[in-house]
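Presented below is the structure to which this report refers.
Residue numbers (the numbering used here): 389 to 491.
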């Protein structure tokens, strides 16, 4: 399946924005942050079905693992801010790298 470069840019920018939103929800101590994080995680988990190249990309698997950590912290809302922030920004950088590799 062919996905245009613009579509890939928009898709990965959307998920980068979602990671940033999860950080904001953590900072605000939003009680619905876990539900939101879980929904975004399930969306990201389905991406390899639309973009088969992601099956073999180890960076994508790292993003999924980081997402698991973030979602867990959103459940308890008692983690260290810097820890969550690092995972969020590392995930965003990995998404940028993946996007560039798919072009």
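C-beta atoms are modelled at their ideal positions from N, C-alpha and C, and glycine is treated no differently.
Tell me the rounded alpha-carbon separation between residue i and residue j.
i           : j           : result
residue 391 : residue 415 : 35 Å
residue 463 : residue 421 : 7 Å
residue 401 : residue 419 : 25 Å
residue 451 : residue 432 : 9 Å
residue 488 : residue 423 : 30 Å
residue 470 : residue 447 : 22 Å
residue 397 : residue 468 : 31 Å
residue 498 : residue 466 : Residue 498 lies beyond the range of the chain shown here (389 to 491); nothing can be said about it.
residue 412 : residue 444 : 31 Å
Between residue i and the rest of its own chain, which residues show a CB-CB distance below 7 Å, the 5 nearest in sequence each way excluded?
i           : result
residue 478 : 454
residue 425 : 410, 458, 459 and 462
residue 435 : 442
Am I right that residue i and residue j are in contact with their C-beta atoms under 8 Å? What's the rounded C-beta distance?
i           : j           : result
residue 404 : residue 483 : 5 Å
For residue i, name the three-state secondary structure that DSSP assigns.
i           : result
residue 419 : coil
residue 489 : helix
residue 523 : Because residue 523 is not part of the residues shown, which for the chain are 389 to 491, the question remains open.
residue 439 : coil
residue 434 : coil
residue 467 : coil
residue 445 : coil
Who are the Cβ neighbours of residue i in its own chain at under 6 Å, not counting the five residues just before and after it?
i           : result
residue 429 : 455 and 459
residue 472 : 414 and 461
residue 417 : 465
residue 406 : 428
Going by beta carbon distance, what residues of the same chain come within less than 8 Å of residue i, once the five residues before and after it are set aside?
i           : result
residue 408 : 476 and 480
residue 485 : 447
residue 393 : 491
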